[in-house]
Amino acid sequence: MSRIEISGGSSKEALEYENLDHLALTACADIADPVDMTAEVADNTVLANILANDGNTSDYDRSTDSLEAISDRTIAILADTAALRVLTEEGGTLTGTNAEQNLYINNAPAGIYIPAGIFVDFDNMAADDIAEIRIYYRIKTGGGLQPFEYYALTAADGGLTNGLKGVYYPLKYNRFGIKVTLVQTQATTSYKTYDYEVFYKV
61 MSRIEISGGS
71 SKEALEYENL
81 DHLALTACAD
91 IADPVDMTAE
101 VADNTVLANI
111 LANDGNTSDY
121 DRSTDSLEAI
131 SDRTIAILAD
141 TAALRVLTEE
151 GGTLTGTNAE
161 QNLYINNAPA
171 GIYIPAGIFV
181 DFDNMAADDI
191 AEIRIYYRIK
201 TGGGLQPFEY
211 YALTAADGGL
221 TNGLKGVYYP
231 LKYNRFGIKV
241 TLVQTQATTS
251 YKTYDYEVFY
261 KV
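What follows is the structure, encoded as structure tokens:
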């Protein structure tokens, strides 16, 4: 049997007998952080080693060291982690025409937007084909999507050399809108198809 059972007294007496009364009954004398709990929890006791990594309870700061404080920080970290932007991918195949078409557009981002870039495959282009890639940004509320970058691709494989078949176009941070378009201004015998893949963080 335990000494608590042997004592046969009240629960208060049992706690006192086991030297546990200071855990729930006796208030700490020092109440200004960092609190000195040495009088209530002797250094290097089991409880002191649980509370402090050096077993010293003379500088216990409740605002950072308490279970509630640790829990609050953990919850905040989890909330921040959940809010981290996730890299997202989308893509497809576009058949070119002499009309400008969107490869990708985010016309109204909810906030600061982080597009990474877009891959475009020009493998199907033939000798007399001409295609254009245009990148637009809106840089103020209510403004238009304005062209900021222009790339002309001509001939087989878009005129790329050394066996290259496609191009990766980096995209810039944006707040108010972005789009990437393709137009095939000239076709040898028919309009060609263009595979594309875009990455962005949301």
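Under the numbering used here, the first residue of the sequence shown is numbered 61, with each subsequent residue one higher. Positions of the beta carbon are idealized from the N, C-alpha and C atoms, including for glycine.
Between A191, F208, V240, L231, which lies nearest to A247 when the distance is taken from Cα to Cα?
When only C-alpha atoms are compared, the closest one is A191.
Does DSSP put L163 in a helix, a strand or coil?
Correct three-state label for L163: strand.
Please say whether F259 and A170 have beta carbons closer to each other than 7 Å?
For A170 and F259, no; Cβs fall outside 7 Å.
Mind reading off the beta-carbon distance from G156 to Y251? Whole number of angstroms is fine, and I expect it under 8 Å.
5 Å between Cβ atoms; contact.
Taking buried to mean at least 16 other C-beta atoms within 10 Å of its own C-beta, is Q206 buried or exposed?
Q206 comes out exposed.
Am I right that I137 and Y196 are in contact with their C-beta atoms under 8 Å? What's the rounded C-beta distance?
Actually they do not touch by this definition, with Cβ atoms about 38 Å apart.
How close, in whole Å, do the beta carbons of R7 and Y173 come, if the pair is a contact with beta carbons under 8 Å?
This structure cannot settle anything about residue 7, because the visible part of the chain is limited to 61 through 262.
Look at T253 and N184 and say whether their C-beta atoms are less than 7 Å apart.
Cβ atoms of T253 and N184: closer than 7 Å.
Where DSSP assigns a beta bridge to N234, which residues make up the other side?
Note: N234 sits in a beta bridge opposite Y173.
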